[in-house]
Every structure is written in structure tokens, then in C-alpha cells.
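Chains S and H, in that order, give the protein sequences.
For the record, in the first sequence the residue sitting at position 63 is 63 according to full-length UniProt numbering, with numbers rising by one throughout.
For the record, in the second sequence the residue sitting at position 86 is 86 according to full-length UniProt numbering, with numbers rising by one throughout.
Okay, so here's the structure we're looking at.
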Amino acid sequence: MTTTTQLPVDDIALSVRDLKTFFYTNKRCNKAVNGVSFEIRKGKTLCIVGESGCGKSVTASAIMQLLPTLSRIEEGEIIYHSERGDIRLDTLERNGKAMRSIRGSEIAMIFQDPMTALNPVFTIGFQIAENLRYHTALRGRQLMDKAIDLLRSMGIPAPERRVEQFPHQFSGGMRQRAMIAMAMACNPKILIADEPTTALDVTIQAQIFELMATLKREHGTAIMLITHDMGVVAELADDVAVMYMGNIVEAGTVDEVLRRPSHPYTRALLDSVPVLGRGKNQDIRAIPGSTPDPFNRPKGCQFADRCAYRLDACELALPAETQLSPTHRVRCVRHEEFANGVRS
Amino acid sequence: MLAYVIRRVLIMIPMAVAISFLIYLGLDATPGDAVSFMLSPEQMSGANPERLAELRQALGLDQPLFVRYFIWLWGLLQGNFGYTLTGGVPISDLLARRLPATLELAAVALVLSTVFGSILGIISALRRGSATDNTLTVVGMVGVSIPEFFFGLVAITVFALNLGWLPVGGRSMPQYITFWDRLPHLVMPSLVLSIMMTAGVMRYARAAMLDALNKDFIKTARSKGLPEWRVNLLHGFRVALTPVVVLIGFRLPALIGGSVIVEQVFQWPGVGSLFVLSVRNQDYPVVMAVALISVVTVLVVSVVIDVLTAIIDPRVRLGN
Chain S
1 MTTTTQLPVD DIALSVRDLK TFFYTNKRCN KAVNGVSFEI RKGKTLCIVG
51 ESGCGKSVTA SAIMQLLPTL SRIEEGEIIY HSERGDIRLD TLERNGKAMR
101 SIRGSEIAMI FQDPMTALNP VFTIGFQIAE NLRYHTALRG RQLMDKAIDL
151 LRSMGIPAPE RRVEQFPHQF SGGMRQRAMI AMAMACNPKI LIADEPTTAL
201 DVTIQAQIFE LMATLKREHG TAIMLITHDM GVVAELADDV AVMYMGNIVE
251 AGTVDEVLRR PSHPYTRALL DSVPVLGRGK NQDIRAIPGS TPDPFNRPKG
301 CQFADRCAYR LDACELALPA ETQLSPTHRV RCVRHEEFAN GVRS
Chain H
1 MLAYVIRRVL IMIPMAVAIS FLIYLGLDAT PGDAVSFMLS PEQMSGANPE
51 RLAELRQALG LDQPLFVRYF IWLWGLLQGN FGYTLTGGVP ISDLLARRLP
101 ATLELAAVAL VLSTVFGSIL GIISALRRGS ATDNTLTVVG MVGVSIPEFF
151 FGLVAITVFA LNLGWLPVGG RSMPQYITFW DRLPHLVMPS LVLSIMMTAG
201 VMRYARAAML DALNKDFIKT ARSKGLPEWR VNLLHGFRVA LTPVVVLIGF
251 RLPALIGGSV IVEQVFQWPG VGSLFVLSVR NQDYPVVMAV ALISVVTVLV
301 VSVVIDVLTA IIDPRVRLGN
């Protein structure tokens, strides 16, 4: 099942191979991530798209080894291609020294809600300095100076004053900037952003994404961006992976996935995005039904129940991954017909 | 910050006056007056009404309520709590002797319960669901459920009577000079007094800690690669501290109130046993003085707690 694309290894920052992460509650098992493979290219943005509960955040937490205690990585490999050689992140001890030295310095993460992701009782400066203290040789006054520099480079006005303020004195957008400053403190190779703008309003969203695009350009940071917004994907992504119920149903470069969507789910997602300028009477097709119960999954294709192109074959087994191009792959029984324009 | 402290102290003054008036009113409403407590019923029935009126006048009891209240309040402000009805001793002298004993007991119990309660609560939260956590939870339940006098009596039976390690009660002996001489007397009452509060602080600290550990910023702290102790104790406990401090503040009056029972059990010569004694003797100036001291303690403590929470939690300090 593991498919590796034929990219030169030098270009890859992180590979995930056949990752399975299960949650155990009340002796039931939720296969939240059920065999996911992808690569994050150096200096590129990979967008992981999918609706709530599809496993995109769990994948991010698995990479950082920040999974809740009731869940564990069941199978698969997470390989971080560092300058010191490849590191199997999944085999490292959860909060062990090796994992901690990578977290926050080489792989950093920003979270959905900057309101709750910053500790309310410590100053912004303290929280940024904390990261520097554990991963750099900076000490004392240097820490605060660096924190001020970071805030300034994130476009926060009056950083000298801001650095001594507490999170509640920041607006939502400023807080997310501070959060990004914290994540970027040690110039990480990979930045994982878990829906970083969901809690922000649209104009602020645009500013945050602009900031992230700048960071990618200037620092060559690889970004793994988790989102459910196809607009964001079109704007920022180099590569896209579409997830549904713990599987990647389609993945490829942004051109391949957006221009030639080869999975009914991808196409349905694209059809459900309202387009500016088409007026209020435009045809927005919502996806019928809802996601299946994670404890009682369909045997075959997870999307079959909601799919307009369903065949009996879809329900027999999970469709295998098919490579459409060196970078484009899809999990659909009918991908060939579908690509040729079958509509039902 | 200073403005905040001053504001809190200023708010305290009218509250103290209002409560002192309520106390005065409450005692005034009890049947009989000072004279009827001073004389036995036989004397009262046989006494000359003019003599009684004279006596009332001498004690200022013929004045209207408000006047009597302000005379009393004015005296208080000058440190004059009046005299006991039973012995004519100045109440301020009595308090000067009794109050340090109570404060000593309360302070030791407060320190013990805060330290042990917090530590056990943190351990319990960090090892959630483990045997340690379950044991501590059960012990905590027992601790808050069983009244202090029971613990006190058991402790006396075991440690004083059976084992003979510690004195049965009292606070001091004539030959004692230093604090260390008195220490054996302090052990049992302070431990018994702190049991209930330790259990309370522990349960609260555990809940506050679990709450804090579930917050997003804990995940953020971990994502920065911080070691576990820093994530749990600095980011977790620092946030959990606010509710714990508030709880300890609100339990403080209970600590002083609880010492009434413990002081009785261990014959501790503090304000608590004085209170019981004066209620029994219907010595109302003393009862009033003690009640007033409790009220002022509560008020002062609540200001201290407000200031402490402001120090701990910047959201409070900066008026959000």
C-alpha cells in the first residue's frame, strides 16, 4: 500500500509512510488515521484538506508526538530527514530528550485558537524566550532582544512594549502573530500549522497567510498546513492531500488536484465552495449525508455512502491507491472513468 | 497595582462598619441585658427598680441603640473593647493573651495544609487514574467528611494516652522558655486542625490542575520542546494556582472557626475557647469582640487574597 513518489530524497523534509494512529475509548477503537502516506517537500507548503474528524489534526499531533494518552501510533513510519540524517520520529519516546530537542527547534507547530494556545499568566516575551532558552545558547537579556526582533519581523508594532504584555492584551490576529513568532523562534525546518486562522476573521486570515508565505520564501521553511478551506489551498499550497475518514483519498501537486480532481470527494469539496462574483443564486452543491460513525465504518470506500458515482464494487474493499502521475495519486475504483468525465 | 490595593482597602472600611453594626444589633436583640446577666434571678426579683435603673444608667444601657453602638465603636477604635461582665477584666488584655495562641495554631495549620494539599493534589492530578490517585481521593473524602473533634480524640487516645509521645493538651508550662519547648504541645492540635483543610486543598488542587493540564497552552508548551516538569509545574500549576489561592483564602475563616473545636479538644488557650466560654457565660462584650475579630480577619484576608490573585493572574490585575 505504501506509495512513495519519485522525488529526489534531498528535497524531502519529512515523510510519513502508512501511518496508523488509533484512539482507544471504552474498549472501542477509533482508527482516526488509517494508513496515511505523504511527503513534505523542503521549502514547500503541503495542505492537508478534509472535514472535521477526518484525522488531519491527529496526523499533525502524531508527527509532533503530542497525541493524547489514549491514542497511539499503531503502525507506519514518520521520518524526519534532518541535516544529521534520517530520524524515525515515531520510535522516539513521547516526551523524551530526543523528541524534545526536535520539537520547537526543528519542527514547530502553531495551533487553531491563539486565544487558548498561549498561557494567560505569562508575558508574550517570556513564552517566546522559553523556546529560545531550551534550544539556543541565548541567555538573559539576549533572549528578550531576540523575542523583540521576532515580534517585529512578524509585523507587530511597538514590539519593545508588546513583549512585556500578556496574551489577553493582544487582539486575535496579533496573538496568532505572536504564536508564529514563538514557533519561528529557532528557525524550524518544518512548521506545522493546524488550522491557524479558523478562529480569526477573514481580513486577519489573509494577513496571517501572507506572513506564512513570506516565512516560506525567506527562511525556506517547509509548511504543513491543515485546513478545510479550499480557497486557502488554492492560495498557498504547493502540494495537496485530501483526507477523508483517516485516509488520503487524493494527493498531488496543487495543479493536479485542483485542475484535475480525480476523486469524487475532492470534486465535491471544490463544488461546495462559493465563488465570489457569481452572485447569490450560484449553485453551491453541499455534500449530502454526513461522515460515517468512526466506530462503525463502511468496509469499502469510506465515502461510498455519500458518493454520486458509487458502484457495488466500492463497498467491497477500500480502493487501492493508484498513481496517476509521479506526484498524483488517488483512491477510487472509478478514477479512470471519472477522469474522462463520467458524471454519474 | 497600588491603586488596586488602595481601592480594595477602602471598600473594606464601610463593610467592616456595617458588619460591626449587625453584630451589635444581633446581641442587642437577645433577651435580657447586661444587668440581667450580672444578677441572679433571685436578686433581680427582689431588687429595687430604682437601683436597677441606676445600674443600667451607670452601664450606659439607658441610651438609644445608635448612641450605644457609636460609643462602643469609638471605644473599639481606641483599642478599648470594654470589660468582661464576669470578671471586669479589660477585654483587650484578654485578647492580647489569647489571640497569639490562636494565630500560632492557625498559621501552622495554614502552612501545613497549603504545602501538603498542593503537593498531594498535583501528584494526584499527574498520576490520574492510578492507584496513588485513587488512594488520595479516598483519603481526601475521609478527611473532609470526618469532624475535627473525632480526629482530635483519636489522636489524644493514640499519641498521648497509649503511646505517650505527646502531651494531652495545653499550650505551655511555666518552665518553658522558647518556642521549641512548646513545640510538642503544638503538634497534635495543628495537625488535626490542618487535616480537613489539607484534604480540601488537595481535592481542589487536583481539579484545578487537571483543568489546567487539559488546556491548549499545555500542548503549546510541549510543542516547544519543554521538559515535562516545566510543562506541568510552571505552565500547569501556575495557572491552577489561582483557584487554589482563592480556596485557601475562603477557608481561612473556617480555620479560625474550626479552631474553636480544636482548642476545646486540646485545651488550647486561644480565642476559640474564649469564645465558647463567654457564650456559655453570656458575657456579651467578649462575644462581640471575638465576633468582630473574626469579621475583620475575614475582610483582611479577602483583601489579601484579591491582591494575591492579582499578582498571580495578570488578567485580574489589568482589569479584564
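Where is the CB? At the ideal position from N, CA and C, for every residue including glycine.
So, does the CB of residue i fall closer than 8 Å to a CB anywhere in chain S?
i               : result
S118 of chain H : no
H185 of chain H : no
T309 of chain H : no
I156 of chain H : no
M12 of chain H  : no
R238 of chain H : yes
I312 of chain H : yes
R315 of chain H : yes
Taking CB distances under 8 Å as the criterion, tell me whether residue i reaches chain H.
i               : result
D113 of chain S : yes
R177 of chain S : no
R141 of chain S : no
F23 of chain S  : no
T59 of chain S  : no
T266 of chain S : no
T91 of chain S  : no
L118 of chain S : yes
M64 of chain S  : yes
A13 of chain S  : no
R100 of chain S : yes
M109 of chain S : yes
V121 of chain S : yes
S105 of chain S : yes
N247 of chain S : no
Please check the pair residue i and residue j, which I expect to be a contact at CB under 8 Å, by giving their CB distance rounded to whole angstroms.
i               : j               : result
G236 of chain H : I218 of chain H : 6 Å
K20 of chain S  : G35 of chain S  : 6 Å
S223 of chain H : M64 of chain S  : 6 Å
A213 of chain S : L236 of chain S : 6 Å
S124 of chain H : R206 of chain H : 4 Å
N26 of chain S  : P294 of chain S : Actually they do not touch by this definition, with Cβ atoms about 13 Å apart.
C186 of chain S : G104 of chain S : 6 Å
Report buried or exposed for residue i, applying the criterion of at least 16 other Cβ atoms within 10 angstroms of its Cβ.
i               : result
S302 of chain H : buried
E93 of chain S  : exposed
R177 of chain S : buried
T198 of chain H : buried
F151 of chain H : buried
Y24 of chain S  : exposed
W72 of chain H  : buried
D194 of chain S : buried
A47 of chain H  : exposed
S45 of chain H  : exposed
K280 of chain S : exposed
E250 of chain S : buried
P157 of chain S : exposed
W165 of chain H : exposed
A157 of chain H : For the record, residue 157 of chain H in the displayed sequence is Thr; it is not Ala. Exposed.
Ignore the nearest five residues each way along the sequence and tell me which others in residue i's own chain have a CB closer than 6 Å to its CB.
i               : result
D86 of chain S  : I79
P159 of chain S : I148, L151 and R152
V239 of chain H : A212
R310 of chain S : A304
L252 of chain H : V301
With a cut-off of 8 Å, does the C-beta of residue i fall near any C-beta of chain B?
i               : result
Y134 of chain S : Among the protein chains in the structure shown, which are S and H, there is no chain B.
For residue i, I'd like the list of residues in its chain whose CB is within less than 8 Å of its CB, leaving aside the five on either flank, ordered along the chain.
i               : result
V9 of chain H   : V303
G220 of chain S : K42 and G43
I208 of chain S : G173, Q176, R177, I180, P196, T197 and L200
S325 of chain S : G252 and E256
H166 of chain S : For the record, residue 166 of chain S in the displayed sequence is Phe; it is not His. Closer than 8 Å at Cβ, skipping near neighbours: P120, V121, F122, T123 and I124.
Q264 of chain H : F149, G272, S273 and V276
F159 of chain H : W165, L166 and M188
For residue i, which residues of its own chain have a beta-carbon under 7 Å away from its beta-carbon, when the five flanking residues on both sides are left out?
i               : result
V5 of chain H   : V307
T227 of chain S : C47, V49, E195 and V233
T114 of chain H : V201 and I248
G155 of chain S : R177 and L211
S57 of chain S  : D194 and I226
Point to revise | Selection of the region 312 to 328 of chain S by Cβ proximity to chain H, strictly under 7 Å | key: Look at the region 312 to 328 of chain S: it has no residue with a C-beta under 7 Å from a C-beta of chain H.
Exercise for review: Return the residues of the region 160 to 173 of chain S that lie within a Cβ-Cβ distance of less than 8 Å from chain H, sorted by chain order.
Suggested key: Flagged, chain order: F166, H168 and Q169.
Check your understanding: Any residues in the region 207 to 236 of chain H with a beta carbon nearer than 9 Å to a beta carbon of chain S? Which ones, in chain order?
Key -> Here the close residues are K215, D216, F217, I218, K219, T220, A221, R222, S223, K224, G225, L226, P227, E228, R230, V231, L234 and H235.
**Study point:** Contact list for the region 71 to 89 of chain S against chain H, Cβ threshold 8 Å
**Key:** From the region 71 to 89 of chain S, no residue has a Cβ closer than 8 Å to chain H.
**Study point:** Contacting positions in the region 188 to 218 of chain S - beta carbon closer than 9 Å to chain H
**Key:** Per Cβ criterion, the list reads I192.
Practice item. Return the residues of the region 25 to 36 of chain S that lie within a Cβ-Cβ distance of less than 7 Å from chain H, sorted by chain order. Key: Answer set for the region 25 to 36 of chain S: empty.
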